[in-house]
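In my numbering, the protein residues as written are 19 to 288. Positions of the beta carbon are idealized from the N, C-alpha and C atoms, including for glycine. As structure tokens, the structure follows; a few thoughts come after it.
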DNA sequence: TGACAGGTACATG
DNA sequence: CATGTACCTGTC
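In structure tokens, the structure reads:
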């Protein structure tokens, strides 16, 4: 257990921001997460965040995962004072952090996300992990499952995912896994590429278009200038930015603002 | 009942 | 290159 005082951080907002599908609320209001093969519980009271891990693990894994060394206050302050929609979105969900998730897991989960809703995405991801991931035990003695590797998924026969009910996304995942397994797509090379190049490489994967590639760039590779446009963001732009979203003004961190806008559109009042 | 959910591949003009 | 359409599945 380790407790930290952290500003511009809200675990609930981050969990509900749609960027991550394995960060879930527990009965007692804390949150549980499986990432990097590890299990973590997070609880928050105001600015005090408690993590169920050692100080060493916090420093080596979770500080980076939750992006705690990035200056979110500065980004928020540089939003146009006349940009009423973004100001409101920030006051509503300004505790969101852009996580640094694993590339392979993010790629697969966002393939699953297409034409899908968040509860069902989560169900699919959990089934996938339970069937093909590694079973481990958390500190409570409860089982959890890691995310299955490209080599595990890439060697599966075509019908292996039928029981997960992924629909047409099954063939996207299997083909993409086989491409990674065969070396047609090199994930470790993609880690080193700039945003536009990484996006182009990711789009070589079968079932990965512009939107999924941009989500992977933003939520795994931390290219925070990536700006995924989905049905929600399309609606926000149409309604509140009739002359287009000011990408020019917000160059360099537009993806962070995209998350504020997405969260506000999905969870906000109006 | 049918539209919809954080889209994409593939076929046309 | 821009537009149209089929696609799995579950929920309301």
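Worksheet item: So who's on the other strand from residue 52, going by DSSP bridges?
Response: Position 34 of the first chain, counted from the first residue, corresponds to residue 52. In DSSP, residue 52 forms a bridge with 57.
Fill in: Helix, strand or coil at residue 212 according to DSSP, with G and I counted as helix
If you number the first chain from 1, residue 212 lands on position 194. DSSP, reduced to helix, strand and coil, places residue 212 outside both helices and strands of the structure shown, so it counts as coil.
Discussion item. Going residue by residue through the stretch 191-253, where are the continuous alpha helix (DSSP H) segments of at least 4 residues, counting only ones entirely within it?
Written reply: Within the stretch 191-253, the complete alpha helix (DSSP H) runs of at least 4 residues fall at 205-208, 213-220 and 228-237.
Worksheet item: From residue 21 to residue 129, what distance separates their C-alpha atoms?
Response: Counting from one through the first chain, the residue named residue 21 turns up at place 3. Counting from one through the first chain, the residue named residue 129 turns up at place 111. Residue 21 and residue 129: Cα-Cα distance of roughly 35 Å.
Fill in: Exposed unless 16 or more other CB atoms sit within 10 angstroms - verdict on residue 19
Counting from 1 along the first chain, the entry for residue 19 is found at position 1. Burial call: exposed.
Discussion item. By the three-class DSSP mapping on this structure, what secondary structure does residue 174 have?
Written reply: Locating residue 174 in the first chain gives position 156, where the first residue counts as 1. Residue state for residue 174 is assigned as coil, using DSSP reduced to three classes.
Item to complete: Tell me whether residue 154 sits in a helix, a strand or coil according to DSSP, three-state version.
Response: Numbered from its first residue, the first chain carries residue 154 at position 136. Three-state DSSP puts residue 154 in a strand.
Worksheet item: Which residues in the same chain have their Cβ closer than 6 Å to the Cβ of residue 55, if we skip the five residues on either side of it in sequence?
Response: Here the question's residue 55 lines up with position 37 in the first chain. Answer for residue 55: 164, listed in chain order.
Discussion item. Three or more C-beta pairs under 8 Å: does that hold for the stretch 229-248 against the stretch 124-138?
Written reply: By the C-beta criterion, the stretch 229-248 is judged to be in contact with the stretch 124-138, since at least 3 inter-stretch pairs fall below 8 Å.
Discussion item. Can you look up residue 161 in the DSSP assignment and give me helix, strand or coil?
Written reply: As a working note, residue 161 is residue 143 in the first chain. Strand, per DSSP.
Worksheet item: How is the alpha helix (DSSP H) around residue 29 delimited, first residue to last?
Response: The count along the first chain starts at 1 and reaches residue 29 at position 11. Note, residue 29: alpha helix (DSSP H), 29-33.
Worksheet entry | Minimum length 3: unbroken beta strand (DSSP E) runs contained in the stretch 86-158 | Taken in chain order, the whole beta strand (DSSP E) runs of length 3 or more contained in the stretch 86-158 are 153-155.
Practice prompt. Look up residue 289 in the DSSP assignment and give the residues it is bridged to.
Written response: Any answer about residue 289 is impossible in this case: the structure gives the chain only from 19 up to 288.
Discussion item. Measuring straight from C-alpha to C-alpha, what distance separates residue 169 and residue 196?
Written reply: Here residue 169 refers to the residue found at position 151 of the first chain. Here residue 196 refers to the residue found at position 178 of the first chain. Rounded to whole angstroms, residue 169 and residue 196 show a C-alpha spacing of 8 Å.
Item to complete: Give me the Cα-Cα distance between residue 175 and residue 194, rounded to the nearest whole angstrom.
Response: Sequence index remark: in the first chain, residue 175 carries index 157 (1-based). Sequence index remark: in the first chain, residue 194 carries index 176 (1-based). So the alpha carbons of these two residues sit roughly 13 Å apart.
Item to complete: Could you give the DSSP three-state label for residue 41: helix, strand or coil?
Response: Stepping through the first chain from its first residue, residue 41 is reached at position 23. The answer is strand: DSSP assigns residue 41 an E or B state.
Worksheet item: Alpha carbon to alpha carbon, how far is residue 33 from residue 25?
Response: For the purposes of this step, residue 33 is identified with residue 15 of the first chain, where counting begins at 1. For the purposes of this step, residue 25 is identified with residue 7 of the first chain, where counting begins at 1. Cα to Cα, residue 33 sits roughly 16 Å from residue 25.
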